[in-house]
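Participant: After the structure tokens below, expect a handful of questions from me.
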Amino acid sequence: MATHHTSTPHHTSTPHHTDTSPTHHETPNTHPTEPRPAHESHAPAGGHSGGYGVHTDSLGTMEGHLGRTKDKVHAVGQTVASANFGAKSMGVIGSGMTGTLNGTVSAAKEHVARAGKAVEDAGARTKAVREHYETTEANNAATIASAGKAVDAPPTKAAGGGSNPPPPGSNPPPRLPDDGGGMHNNQGHHASDDELRGQYTRESMQTRPTSTDNQIRDAASRLGYDPDQHLAMTLQPTADLTPAQRAEIVAVRNELKANPGEFMTKVVKPEIGEATLGNETTYVDRHTGKTETNYPNSVAGSIARGSDTAQHGTPAEFRDKLALDDQGAGWTPIKAGANEAYQLRFPALDDRQAMEISYGGTDPGSAHDMQVASGQANPREWKPPFLGTGYTGGGVPEWLHAPRGYAGRGEMWLVRADGTEVLAGVYLEKRGWFDVRGRGGSDG
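Start counting the sequence shown at 1; every next residue gets the next number (UniProt numbering).
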């Protein structure tokens with residue numbers, strides 16, 4: 001369920017671009033002040049000050065409505081997520097429609113997610129504005145009282161969740177309160193509890209109706225090749241294949257797609273994982289002892305589809321299926337006998353230039369032939385365990401990700417030797433990473 005964020009020519013975490021710090025998460029502005037009469041009448045006894053007012057109780061009611069709407073949107077999302085249009089569920093006649101229907105379901109998931117986010121943001125803004133006006137009322141009452149005019153002041157509520165109201169006249173724009181749930185990361189940005197819940201679980205990444213091997217067999221059969229012979233061929237270095245076999249490898253491998261929005265994964269070294277969770281731009285490599293550059297807001301290097309890696313659930317399985325035995329060279333993200341593995345999970349970008357199938361060879365001839373057969377711009381000659389077939393040595397389809405930022409969200413999971421997994425952190429666009437370990441409720 002992972003991919004490789006390591007440090008050799010083909011499993012690399014070398015510097016790839018300049019990392020830009022995210023802008024601060026801005027809270028919404030207050031509503032503009034409404035015009036007031038030139039001469040205000042004072043409030044009658046037992047009332048508030050004259051002029052135009054805002055009914056904060058109505059804002060509170062609106063918060064409740066938005067909360068219930070968010071729950072309904074979440075329920076719709078669960079219904080959409082449970083839709084399954086695999087070939088088995090559709091039957092022979094409907095099997096050709098599975099791609100279209102699953103594409104429609106994927107689009108529906110995105111719309112539901114956006115709707116949920118919009119409702120959640122509206123609720124947060126409404127709450128912030130309500131608290132802002134309550135604070136303003138308290139300040140105005142204190143100001144009038146200090147001028148010797150008797151008023152019935154509303155209960156004071158501190159801005160930002162403190163125990164005392166700010167001094168009269170000091171009325172900063174509202175900020176989500178610290179006691180309203182969620183958390184702040186080490187960059188000063190806030191995320192709600194809902195945003196920090198794990199979305200990319202092992203189960204959620206099982207988006208394809210058949211196993212990886214069966215997908216390869218099906219593609220080979222469609223193109224007129226022997227499926228079993230082809231499957232065996234994917235595990236051989238391209239240097240050992242004939243030119244015709246290399247062309248066959250490319251033809252079948254090109255049939256295995258990673259669609260925009262599909263879950264992708266990448267295994268990273270523990271020191272890179274910890275630096276990333278801490279939004280740090282450097283880390284100390286445990287093998288060399290050198291300080292290296294880290295890019296917490298982006299991903300690059302070898303990656304795999306979540307649907308392929310979700311079939312494997314321990315560090316040992318990742319190490320085997322992703323061919324991460326470095327023979328002591330120091331680049332592997334998962335050492336032999338490791339108790340846990342750090343796995344990035346993120347949606348694929350809608351950018352054809354972002355990912356390229358890992359074609360190549362271990363010698364100049366095979367690297368050149370694979371470049372010509374695939375139409376890629378440059379030959380790729382790397383050392384073993386690189387095969388050059390577009391698969392890892394364990395048969396997992398592999399892509400090479402150009403340095404790019406995340407498509408809005410990313411998650412870091414710890415996969416343990418006992419087969420369990422736990423959410424370690426969440427990346428949110430323009431806010432960076434939130435280390436959620438210790439918050440509870442993240443075990444998978």
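Every residue, glycine too, gets a C-beta built ideally from N, C-alpha and C. This one's a predicted model, so the numbers in the text were calculated from it and none came from an experiment.
Write down the C-beta distance between Gly394 and Lys335 rounded to the nearest angstrom, noting that I regard them as a contact closer than 8 Å.
Facilitator: The Cβ separation is near 17 Å, so there is no contact.
Participant: Does the segment 422-437 come close enough to the segment 185-197 that 3 or more CB-CB pairs lie under 8 Å?
Facilitator: Contact between the segment 185-197 and the segment 422-437 is established, with three or more Cβ pairs separated by less than 8 Å.
Participant: To the nearest angstrom, how far is it from the Cα of Thr293 to the Cα of Lys269?
Facilitator: 13 Å
Participant: Roughly how many angstroms lie between the CA atoms of Gln236 and Ala247, to the nearest whole one?
Facilitator: 14 Å
Participant: Using the three-state DSSP reduction, which class does Val252 fall into: helix, strand or coil?
Facilitator: helix
Participant: Consult DSSP for Ser302 and reduce its assignment to one of helix, strand or coil.
Facilitator: strand
Participant: CA-CA distance, His230 and Glu280?
Facilitator: When rounded, the distance between both Cα atoms is 44 Å.
Participant: Is Ala219 close to chain D, meaning its C-beta is less than 7 Å from at least one C-beta of that chain?
Facilitator: No chain D appears in the structure shown, which is made up of a single protein chain.
Participant: Under 7 Å between the Cβ atoms of Met205 and Ser307?
Facilitator: yes
Participant: Enumerated in chain order, which unbroken segments of the alpha helix (DSSP H) with a length of 4 residues or greater are wholly contained in the segment 268-324?
Facilitator: 270-277, 306-309, 315-321
Participant: In whole angstroms, what is the alpha-carbon distance linking Val372 and Ala239?
Facilitator: Taking the straight line from one Cα to the other gives about 14 Å.
Participant: Going by the CB atoms, is the gap between Thr234 and Thr391 shorter than 7 Å?
Facilitator: As written in the sequence, residue 391 is Tyr, which differs from the Thr given in the question. Yes; because the gap between Cβ atoms is below 7 Å, this pair is in contact.
Participant: In chain order, what residues of the same chain have a beta carbon less than 6 Å from the beta carbon of Pro37, not counting five sequence neighbours either side?
Facilitator: Residue placement at Pro37 is poorly supported in this model, since its pLDDT is 34, which falls under 50; the coordinates still yield a value, given next. Closer than 6 Å at Cβ, skipping near neighbours: no residue.
Participant: Rounded to whole angstroms, what is the Cα-Cα separation between Trp382 and Gly360?
Facilitator: Approximately 7 Å, taken between the alpha carbons.
Participant: For the beta strand (DSSP E) containing His401, list its first residue and its last residue.
Facilitator: 399-405
Participant: Look up Asp435 in the DSSP assignment and say whether it is helix, strand or coil.
Facilitator: strand
Participant: Only counting the same chain, and skipping five residues up and downstream in sequence, which positions put a Cβ closer than 7 Å to that of Asn186?
Facilitator: Gly278, Asn279
Participant: Would you mind stating whether Ala300 and Pro403 have Cβ atoms separated by less than 7 Å?
Facilitator: Cβ distance < 7 Å, so Ala300 and Pro403 count as in contact.
Participant: Between which residues of its own chain and Asp285 is the CB-CB distance below 6 Å, once the five residues before and five after are set aside?
Facilitator: Glu292
Participant: Would you kindly check if the distance between the Cβ of Arg416 and the Cβ of Glu340 is under 7 Å?
Facilitator: yes
Participant: Please go through the same chain and pick out, in chain order, the residues whose beta-carbon is closer than 6 Å to the beta-carbon of Glu255, but skip the five residues on each side of it.
Facilitator: Ala219
Participant: Quick one: what's got a C-beta closer than 7 Å to Glu421's C-beta in the same chain, skipping five residues either side?
Facilitator: Listed in chain order, the non-local C-beta contacts of Glu421 below 7 Å within the same chain comprise Arg202, Trp413, Leu414, Val415, Gly444, local neighbours out to five positions each way being set aside.
Participant: Please work out which residues of its chain come closer than 6 Å, Cβ to Cβ, to Gly408, disregarding the five sequence neighbours upstream and downstream, and give them in chain order.
Facilitator: Glu429
Participant: Cα separation between Asn259 and Ala348?
Facilitator: 7 Å
Participant: Would you decide whether Asp351 is buried or exposed? Buried here means 16 or more other CB atoms lie within 10 Å of its CB.
Facilitator: exposed
Participant: Return the CA-CA distance between Ser298 and Tyr406, expressed in angstroms with no decimal places.
Facilitator: Approximately 6 Å between the Cα atoms of the pair.
Participant: Can you list, in chain order, the residues of its chain with a C-beta nearer than 6 Å to that of Pro385? Leave out the 5 residues immediately preceding and following it.
Facilitator: Ala323, Gly393
Participant: In terms of DSSP beta bridges, what is Thr265 paired with?
Facilitator: Ala304, Arg345
Participant: What span of residues does the alpha helix (DSSP H) with Val396 cover, start to end?
Facilitator: Taken as a continuous stretch (DSSP letters only), Val396 belongs to no alpha helix (DSSP H), as it is neither H nor E.
Participant: Rounded to the nearest angstrom, how far is the Cβ of Tyr342 from that of Gly261, given a contact under 8 Å?
Facilitator: About 23 Å separates the two Cβ atoms, so there is no contact after all.
Participant: Please state if the CB of Phe263 and the CB of Arg319 are separated by a distance shorter than 7 Å.
Facilitator: no
Participant: What does a CB cutoff of less than 6 Å around Ser89 pick up in its chain, not counting 5 residues either side in sequence?
Facilitator: Residue confidence is low: Ser89 scores 42 on pLDDT, short of 50, so the model does not pin down where it sits. Its coordinate-derived value is still stated next. Closer than 6 Å at Cβ, skipping near neighbours: no residue.
Participant: Which two residues bound the contiguous beta strand (DSSP E) that contains Ile357?
Facilitator: 355-357
Participant: For Gly419, which option in Pro379, Thr314, Arg380 has the closest C-alpha, if you only look at C-alpha atoms?
Facilitator: Thr314
Participant: Within a Cβ cutoff of 7 Å, which residues of the same chain sit near Gln223, ignoring the five residues on either side of it in sequence?
Facilitator: Looking at the sequence shown, residue 223 is not Gln but Leu. Once the five neighbours on either side are set aside, the close Cβ partners of Leu223 are Ala251, Val252.
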